Amino acid sequence: MITITLHYFASLREQIGRSQETLTLADSITVLDVWQYVHQTPLPDNTLIAVNMEYVERMHYICDGDEVAFFPPVTGG
Amino acid sequence: MITITLHYFASLREQIGRSQETLTLADSITVLDVWQYVHQTPLPDNTLIAVNMEYVERMHYICDGDEVAFFPPVTGG
Amino acid sequence: MTIKIVDSVFDPFLEIQDFQTQLALNGKFGATSIFIGTMRDFNEGDEVHAMTLEHYEGMTQKQLEKIITTAKDKWTILEALIVHRIGDILPSEPIVLIAIWSVHRADAFEACRYIMEELKSNAPFWKRETLSSHQTRWVLKNTGSK
Amino acid sequence: MTIKIVDSVFDPFLEIQDFQTQLALNGKFGATSIFIGTMRDFNEGDEVHAMTLEHYEGMTQKQLEKIITTAKDKWTILEALIVHRIGDILPSEPIVLIAIWSVHRADAFEACRYIMEELKSNAPFWKRETLSSHQTRWVLKNTGSK
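Protein sequence lines correspond, in order, to chains A, B, C and D.
Residues 461 to 537 (our numbering) are what the first sequence spells out, left to right.
Residues 461 to 537 (our numbering) are what the second sequence spells out, left to right.
Residues 12 to 157 (our numbering) are what the third sequence spells out, left to right.
Residues 12 to 157 (our numbering) are what the fourth sequence spells out, left to right.
Listed below in structure tokens is the structure:
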């Protein structure tokens, strides 16, 4: 079993209505599939994805214990 | 008659042993000729020349009342 | 190198001076390049009354450290300081400070610019603006190198 | 725009703050790019104990004004401050300060860098170093973009 935490930030957090949640899966899947499994909608085009606070591509496979974050383009500085 | 003032700065001022002098000439000549007339030596290669506080080329002709300055490469900042 | 994420107004010049006095670099650095980003009271044609800066705690520090480490590989820099605001911000308050110390000027100038561009592209901060109508909006994206 | 030639030690951060409080730019600028050149205690492999900075009074101001005017043609800048030391200088004292205020960061970064490079190439200042042996030497030339 693979358990991961999902985090959402900024406008994406507001749209989803929560900032985090936990997910348990039988097998490793890609972060893109994680999004589609949980939200049943395509991932918005410009969404950035981080696993354990490092940027990853959409085809990155999750591991047990991963912290997976989805967020819109960053606008700091 | 053309009367100009000559100014020297930094290492050039020290080599020449004075910071300024006045020169009167019958006709307009170039700033390079001014140097050769006064110092009887070739102008050191990297010397910069300003007339009335603006950089000029060696072939620039002087006018009456000009302030002509000779100095080594600048090293500020 | 120091990275500070602060949730209340900071004085960029005090931050630089405090940091500089701790450094044992007297006489060793010839160049300091500093960038300060300040909140404007207008953006994209609208008056902006206030701003809230959200960030991804932990990832922010991690990404900023990575950016400084890359800058240190590319240029010869002696020290680096980054301070970034989060929380509620008012116009004319500083948002970000980057200060780089080096022996020669090219390193400080180029590392400072690089770090600022990388921060804008990769550090997980998000701005939400409150307009004069009290309406709020998320800033959609940072300008490229602008 | 302000150009100051000063013959005693100055505090770059106080200069910036004093200048900034006089500006009616609150909320109007988003970017400030600052460069500070500081005297090092070593140069070209030798310990340097002191330095004297000579300049061509009048031409200095004229050239610096020209440099800022050209920068204003090239970039959209709101304000510019240059402070440059002359006279006797000790290690770790600031030599030059350039500060540029603009709406967007590219203008401030690029104008600041440009002004510094032009100052190094064209402003009539000359440095004479006093080494640890008490021998003095003129600095022969500035490094290109370094």
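For glycine and all other residues, C-beta sits at the position ideal for the given N, C-alpha and C.
All values derive from a computational prediction rather than experimental measurement.
Taking residue 118(C) as the reference, which of 78(C), 42(C), 131(C) has the closest Cα?
-> Residue 118(C) sits at position 107 when you count from the first residue of the third sequence. For the residues 78(C), 42(C), 131(C), the minimum Cα distance to residue 118(C) belongs to 42(C).
What number of angstroms, rounded off, separates the C-alpha of residue 139(C) from the C-alpha of residue 18(C)?
-> Indexing the third sequence from 1 puts residue 139(C) at position 128. Indexing the third sequence from 1 puts residue 18(C) at position 7. Distance between the alpha carbons of residue 139(C) and residue 18(C) is about 15 angstroms.
Rounded C-alpha distance that separates residue 71(C) from residue 25(C) = As a working note, residue 71(C) is residue 60 in the third sequence. As a working note, residue 25(C) is residue 14 in the third sequence. Between residue 71(C) and residue 25(C), the C-alpha separation is close to 23 angstroms.
Using a Cβ cut-off of 8 angstroms, which residues of the stretch 97–131 of chain C contact any Cβ in chain A, in chain order?
-> Within the stretch 97–131 of chain C, the residues whose Cβ lies closer than 8 angstroms to some Cβ of chain A are 106, 107, 127, 130, 131, listed in chain order.
Buried or exposed by the 16-neighbour rule on C-beta atoms within 10 Å, applied to residue 48(D) = Position 37 of the fourth sequence holds residue 48(D). Taking every protein chain shown into account, the CB of residue 48(D) has 16 or more other CB atoms within 10 angstroms, so this residue is buried.
Do we get a CB-CB distance below 8 angstroms when we pair residue 528(A) with the residues of chain C?
-> Position 68 of the first sequence, counted from the start, is the residue given in the question as residue 528(A). Judged by the 8 angstroms Cβ criterion, residue 528(A) is not in contact with chain C.
If you drop the 5 nearest sequence neighbours on each side, which residues of the same chain put their C-beta closer than 8 angstroms to that of residue 476(B)?
-> Counting from 1 along the second sequence, the entry for residue 476(B) is found at position 16. Cβ-Cβ distances below 8 angstroms link residue 476(B) to 468, 499 in the same chain, with the five nearest sequence neighbours on each side left out; the list follows chain order.
Examine the ligand SAH and report whether any of its heavy atoms sits within less than 7 angstroms of the Cβ of residue 25(C).
-> Among the ligands in the structure shown, none appear at all, so the ligand SAH cannot be discussed.
Any beta-carbon of chain D closer than 8 angstroms to the one on residue 44(C)?
-> Along the third sequence, one-based indexing puts residue 44(C) at 33. Yes, contact with chain D.
For the putative contact between residue 465(B) and residue 527(B), defined by C-beta atoms under 8 angstroms, what is the C-beta separation to the nearest angstrom?
-> Here residue 465(B) refers to the residue found at position 5 of the second sequence. Here residue 527(B) refers to the residue found at position 67 of the second sequence. The C-beta distance from residue 465(B) to residue 527(B) rounds to 5 angstroms, short enough to meet the 8 angstroms contact threshold.
Hey, how far is the Cα of residue 51(D) from the Cα of residue 120(C)?
-> Against the fourth sequence, residue 51(D) aligns to sequence position 40. Against the third sequence, residue 120(C) aligns to sequence position 109. Taking the straight line from one Cα to the other gives about 17 angstroms.
Check whether the stretch 86–95 of chain D touches the stretch 28–40 of chain D, counting contact only when three or more Cβ pairs, one atom from each stretch, lie closer than 8 angstroms.
-> At 8 angstroms Cβ cutoff, the stretches touch.
Would you say residue 133(D) faces chain B, with C-beta separation under 8 angstroms as the test?
-> Walking along the fourth sequence from the start, residue 133(D) turns up at place 122. Output row for residue 133(D): interface = yes.
Bounding residues of the alpha helix (DSSP H) (the contiguous stretch that carries residue 474(B)) | Counted from its first residue, the second sequence places residue 474(B) at position 14. Where residue 474(B) is concerned, the enclosing alpha helix (DSSP H) starts and stops at 470–476.
Nearest-angstrom Cα separation, counted from residue 493(A) out to residue 78(C) | Your numbering for residue 78(C) matches position 67 in the third sequence. Your numbering for residue 493(A) matches position 33 in the first sequence. Approximately 30 angstroms between the Cα atoms of the pair.
Helix or strand or just coil, what does DSSP make of residue 132(D)?
-> Sequence index remark: in the fourth sequence, residue 132(D) carries index 121 (1-based). Helix.
Residues that residue 148(D) contacts on chain C, provided the C-beta gap is smaller than 8 angstroms = The residue you call residue 148(D) lines up with position 137 of the fourth sequence. Simply none; closest approach about 17 angstroms.
For residue 47(C), return the contacting residues in chain D, with the cut-off set at a CB-CB distance below 7 angstroms.
-> Taking the third sequence and counting its residues from 1, one reaches residue 47(C) at position 36. Chain order gives the chain D residues near residue 47(C) as 43, where near means a beta carbon separation below 7 angstroms.
Alpha-carbon to alpha-carbon, residue 142(C) and residue 102(C) | The residue given as residue 102(C) occupies position 91 in the third sequence. The residue given as residue 142(C) occupies position 131 in the third sequence. Roughly 12 angstroms between the two C-alpha positions.
Ends of the alpha helix (DSSP H) at residue 15(C)?
-> The residue labelled residue 15(C) in the question sits at position 4 within the third sequence. Note, residue 15(C): premise wrong, no alpha helix (DSSP H); beta strand (DSSP E) at 13–17.
Just tell me which of 114(D), 148(D), 150(D) has its CA closest to the CA of residue 56(C).
-> In the third sequence, residue 56(C) corresponds to position 45, counting from 1. Proximity to residue 56(C) across 114(D), 148(D), 150(D) peaks at 114(D), based on C-alpha coordinates.
Per DSSP, which one or two residues make a beta bridge with residue 127(D)?
-> In the fourth sequence, the residue the question calls residue 127(D) occupies position 116. Beta-bridge pairing by DSSP links residue 127(D) to no other residue.
Does residue 477(B) have its Cβ less than 8 angstroms from a Cβ in chain D?
-> Walking along the second sequence from the start, residue 477(B) turns up at place 17. Not one chain D Cβ lies under 8 angstroms of residue 477(B).
Counting only beta-carbon atoms, is residue 537(A) nearer than 8 angstroms to chain C?
-> In the first sequence, the residue the question calls residue 537(A) occupies position 77. Chain C, which has a Cβ nearer than 8 angstroms to the Cβ of residue 537(A), makes this yes.
Note down, in chain order, every chain B residue with its Cβ under 8 angstroms from the Cβ of residue 136(D).
-> Here the question's residue 136(D) lines up with position 125 in the fourth sequence. Within chain B, the residues near residue 136(D) are 534, 535, 536, 537.
Taking just the CA atoms, how far does residue 488(A) sit from residue 109(D)?
-> The sequence position of residue 109(D) within the fourth sequence is 98, counting from 1. The sequence position of residue 488(A) within the first sequence is 28, counting from 1. Taking the straight line joining both Cα atoms gives about 55 angstroms.
Chain-ordered chain B contacts of residue 95(D) [CB-CB under 9 angstroms] = Here the question's residue 95(D) lines up with position 84 in the fourth sequence. For the C-beta of residue 95(D), the chain B residues within less than 9 angstroms are, from N- to C-terminus, 536, 537.
Close beta carbons around residue 39(C), own chain, < 7 angstroms, minus the five adjacent residues each side | Here residue 39(C) corresponds to residue number 28 of the third sequence, with the count starting at 1. Closer than 7 angstroms at Cβ, skipping near neighbours: 89.
Same chain, Cβ closer than 6 angstroms to residue 23(C), neighbours up to 5 away in sequence not counted | If you number the third sequence from 1, residue 23(C) lands on position 12. Counting only Cβ-Cβ distances below 6 angstroms, and skipping sequence neighbours, we find 47, 105, 108.
Residue from 126(C), 123(C), 124(C), 61(C) whose Cα sits closest to the Cα of residue 146(C) | Taking the first residue of the third sequence as position 1, residue 146(C) is located at position 135. It is 61(C).
Check whether the Cβ of residue 52(D) lies closer than 8 angstroms to any Cβ atom in chain C.
-> The residue given as residue 52(D) occupies position 41 in the fourth sequence. For residue 52(D), the answer is yes, since a Cβ of chain C falls inside 8 angstroms of its Cβ.
Chain-ordered residues of the stretch 510–525 of chain A with a beta carbon less than 8 angstroms from chain F | No chain F is present in this structure, whose protein chains are A, B, C and D.
Assign residue 9(D) to one of three DSSP states: helix, strand, or coil.
-> As shown, chain D starts at 12 and ends at 157. That puts residue 9(D) outside it, with no answer to give.
Which residues bound the beta strand (DSSP E) around residue 149(C)?
-> Sequence index remark: in the third sequence, residue 149(C) carries index 138 (1-based). In this chain, the beta strand (DSSP E) harbouring residue 149(C) covers 147–149.
Nearest-angstrom Cα separation, counted from residue 12(D) out to residue 85(D) | By 1-based counting over the fourth sequence, the position of residue 85(D) is 74. By 1-based counting over the fourth sequence, the position of residue 12(D) is 1. If you draw a straight line from the Cα of residue 85(D) to the Cα of residue 12(D), it comes to about 15 angstroms.
Closer than 7 angstroms at the beta carbon, the chain B residues around residue 69(D) | Within the fourth sequence, residue 69(D) is the residue found at index 58, counting from 1. Going along chain B in sequence order, the residues near residue 69(D) (Cβ under 7 angstroms) are 513.
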